[in-house]
Amino acid sequence: MSAPNKTYDPVEVAVLAPEEVQRMQAEALAAIAAATDLDALKAARIAHAGDRAPITLANAEIGALPPAARAEAGKRVGAARGAIREALGRRQAELEAERDQRVLVEEAVDVTLPWNRMPAGARHPVTTVGERLVDVFVNMGYEVAEGPEIEAEWYNFDALNFPPDHPARETQDTLFVAGPDPDQRSGLVLRTHTSPVQIRAMLTRPLPLYVVSPGKCFRADALDATHSPVFQQIECLAVDEGLTMADLRGAISAFVDVMFGAGLRTRLRPDFFPFTEPSADVSMECHVCRGESTKPGAEPCRVCRSQGWVEIAGCGMVNPRVLVACGIDPDRYSGFAFGLGIDRSVMIRDGVADIRELHEGDVRFSRAFGVEA
Ligand code: DAH
């Protein structure tokens, strides 16, 4: 700020001369009018109304005028600053309104666009079929029994009457987790079937016994169209007084009715399993051709390979040696058992030709089965 003048000499404070102040105001108003967006207006505000703006600096010089001249100069500068402020406010409002209008158009959200582009997943048919089968047996009074996937060799083989040299114990068939050691009676395997759960149930549950055991099984098979190293089985076991193969047949029919539709005939043919005696394999009438494909000149059937029957399970009466190994009196009690692959049943039911389709986890595959509860 300059030192106070003794007399009013507008030349000494040139910036306060009326024409100077008017020029500053005119320049400011022109800049404000020329600002076409809010950033430009901000720059104009700083240049023409900010702390370092000519008019602000001029205002600071008022004190340098002789006292008699201050009021008049102050009035003029004040009016000019007021006009600039007012122009700034008006232009600010105009530009904000313009911007709001533009944003409304440019950033408009179309609330009519579809929102549900993320489709819901679907439960895997092996899961839903397994649950449905368990439900059927639970409704008939069976209990669910589970066992570990890493199983003692004793439960998986010995107690089920597999001899020590049975080929199933070879490493090309069975995945060993730990071999037998000198202090241990039994090695550890990834269970190759759900049958060891039979042993666990007989050893721990009171008689009579009706259990159903679904679960994962493992075998040392390479994955191809018909083999998978991991698959699911469901096992059914009943031990009671007076059970016969007729009871076994009834339980199997209940399974077939639920899985493939009521009314399909079943067929038992002699087979061999170490833990059942007698043993049988279970076939059902082909649910696709119902035997028609076996007639001369008929269309071939892909599902039963024109045999008319499809093999679905292994079964039998629990071998008395197994009952004895579990501390059950075979003269008083008898039992029946059957076991089948859930994956395989789904493949037969739904005509899935390649087992890998069940395991690839592609939701397009599962979705084809619907979102079954
Ligand atoms: N555990 C047998 C397998 O994996 C299937 C089986 C056969 C289970 C006969 C049974 C049975 O309960 O009685 O091949």
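For the sequence shown, the working numbering gives the first residue as 119, with consecutive numbering after it.
Glycine included, C-beta positions come from ideal geometry on N, C-alpha and C.
- The alpha-carbon of VAL131 is positioned some 55 Å away from that of ALA226.
- Taking GLN143 as reference, the option from LEU156, ARG323, ASP157 and GLY196 with the minimal CA-CA separation is GLY196.
- In the structure shown, LEU325 falls within a coil segment according to DSSP collapsed to helix, strand and coil.
- Pairing GLU261 with PRO324, the inter-Cα distance amounts to about 12 Å.
- Here the C-alpha atom of ALA149 lies approximately 14 Å from the C-alpha atom of GLN140.
- Sequence-distant Cβ neighbours of GLU214 in its own chain, meaning closer than 8 Å and more than five residues away, are LEU156.
- Taking C-beta separations shorter than 7 Å and ignoring five residues to either side along the sequence, the partners of CYS419 in its chain run CYS404, VAL406, CYS407 and SER411, following chain order.
- Scanning ASP449, ALA364, ALA343 and VAL315 for the CA closest to the CA of GLU353 turns up VAL315.
- In the three-state scheme derived from DSSP, where H, G and I count as helix and E and B as strand, MET377 is classed as helix.
- Per DSSP, PHE393 lies in no beta strand (DSSP E) segment and is marked neither H nor E.
- Here ASN279 has PRO392, PHE393, ASN437, ARG439 and VAL440 as same chain residues with Cβ atoms under 7 Å from its own Cβ, once five neighbours each way along the sequence are excluded.
- Here the segment 282-301 makes no contact with the segment 236-254; the two share fewer than three CB pairs at distances below 8 Å.
- Spanning the alpha carbons of LEU355 and ALA319 requires a straight line of approximately 9 Å.
- With a threshold of 7 Å, the Cβ atom of GLU353 counts as near the ligand DAH, since some heavy atom of the ligand is closer than that.
- Selection PRO414, CYS433, HIS477 and VAL376 evaluated against ALA398 yields CYS433 as nearest (Cα-Cα).
- Excluding five sequence positions before and after GLY409, the CB atoms of its chain that fall closer than 7 Å to its own CB belong to GLU403 and GLY426, given in chain order.
- As computed with DSSP, MET435 is found in a beta bridge with PHE454.
- Assignment of MET258 by DSSP, reduced to helix, strand and coil, places it in the coil class.
- Listed in chain order, the alpha helix (DSSP H) runs fully inside the segment 263-289 are 271-274, counting runs of at least 4 residues.
- Taking 8 Å as the cut-off, the beta carbon of ARG423 is found no closer than this to the beta carbon of ALA343.
- The beta carbon of ARG217 lies closer than 7 Å to those of LEU156 in the same chain, with the five residues before and after it left out.
- Between VAL376 and VAL254, the C-beta spacing is below 8 Å.
- For VAL252, the CB contacts under 8 Å within the same chain, skipping 5 residues up- and downstream, are VAL262, VAL330, PRO332 and ILE352 in chain order.
- By the criterion of a C-beta distance shorter than 8 Å, CYS444 is surrounded in its chain by ALA277, ILE317, MET320 and LEU321, once the five residues flanking it on both sides are discounted.
- Exposure of GLN219 is indicated by the presence of fewer than 16 other C-beta atoms within 10 angstroms of its C-beta.
- If only complete runs of 4 or more residues are kept, the segment 176-244 shows the alpha helix (DSSP H) at 185-224, in order along the chain.
- With a cut-off of 7 Å, the C-beta of HIS345 is classified as distant from the ligand DAH, since no heavy atom of the ligand falls inside that distance.
- For the 8 Å CB-CB criterion, ARG467 and PHE336 do not form a contact.
- If you look at ALA171, you'll find it isn't in any beta strand (DSSP E); DSSP assigns it neither H nor E.
- For GLU353, the enclosing beta strand (DSSP E) starts and ends at 348-358.
- Listed in chain order, the non-local C-beta contacts of LEU458 below 8 Å within the same chain comprise GLN351, ILE352, PHE373, VAL400, ILE430, ALA431 and GLY432, local neighbours out to five positions each way being set aside.
- According to DSSP, MET142 shares a beta bridge with no other residue.
- The Cβ neighbour count for PHE456, taken over all protein chains shown within 10 Å, is at least 16; the residue is labelled buried.
- Sixteen is the threshold: when 16 or more other Cβ atoms of the shown chains lie within 10 Å of the Cβ of GLY248, as they do, the residue is buried.
- Nearest in C-alpha terms to LYS334, of all of ALA416, PRO396, PRO266 and TYR328, is PRO266.
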